[in-house]
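For the sequence shown, the residue numbers in this note's numbering are 7 to 133.
See structure below.
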Amino acid sequence: MVLPDDWYPHRRADGEGVGWIAPHGDGFQAFDLFGRAVGDAPVEWLAAEELLEGLGIGYLADRYLLSTGGRERPVRIAEASVEGITVVADEYGAASAVGATPDRFRLPFPAPAALRRASAPGPRECF
């Protein structure tokens, strides 16, 4: 995807990109690195910056679920860019196992609804 001309990249003070800000109605909308809207309504420019900086990039390390083929698979983010989002299957921690070759899925940007953050693990699921 080619980003719309009115999506302006936003970077933290250390130069790390955390998303984009675009005009929306009477204000601005923040978008995360998946191209998804952050916040519920248009806000002032500085508020959009604060939303993105508050979000950071830590969510990229979270566990996600990908609905595919009629089932949900646990996945981890391997790469996120405007070129697309790559996730790797993470059943039983396979994405981190040395020598493993987990299934890889290439998703469009912005991320489809089929990719969603998994809920926090319960006590029995923690490693």
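The beta carbon of each residue, even a glycine, is placed where N, CA and C say it ideally should be.
Run the CB neighbour count on residue i, radius 10 Å, all protein chains shown included, and call it buried at 16 or more, exposed below.
i: GLU55; result: buried
i: ALA95; result: buried
i: TYR70; result: buried
i: ALA117; result: buried
i: VAL81; result: buried
i: VAL93; result: buried
i: VAL49; result: buried
i: VAL44; result: buried
Since residue i sits in a beta bridge, which residues does DSSP pair it with?
i: PHE111; result: VAL93
i: LEU121; result: LEU72
i: TYR14; result: ILE27
With residue i and residue j assumed to form a contact (beta carbons below 8 Å), what rounded beta-carbon distance in angstroms separates them?
i: PHE115; j: ILE83; result: With 8 Å as the limit, PHE115 and ILE83 do not qualify as a contact, their Cβ atoms being about 12 Å apart.
i: PRO15; j: GLY23; result: 6 Å
Segment contact, 8 Å Cβ cut-off, at least three pairs: the region 27 to 44 with the region 82 to 94: Counting C-beta pairs with one atom in each stretch, the region 27 to 44 and the region 82 to 94 have three or more that are closer than 8 Å, which means they touch.
Could I get the ranges of all uninterrupted beta strand (DSSP E) runs contained in the region 57 to 85, with 3 residues as the minimum, in chain order? The qualifying runs are 70 to 74.
Do three or more CB pairs link the region 23 to 31 to the region 50 to 66 at distances below 8 Å? Yes, the region 23 to 31 touches the region 50 to 66.
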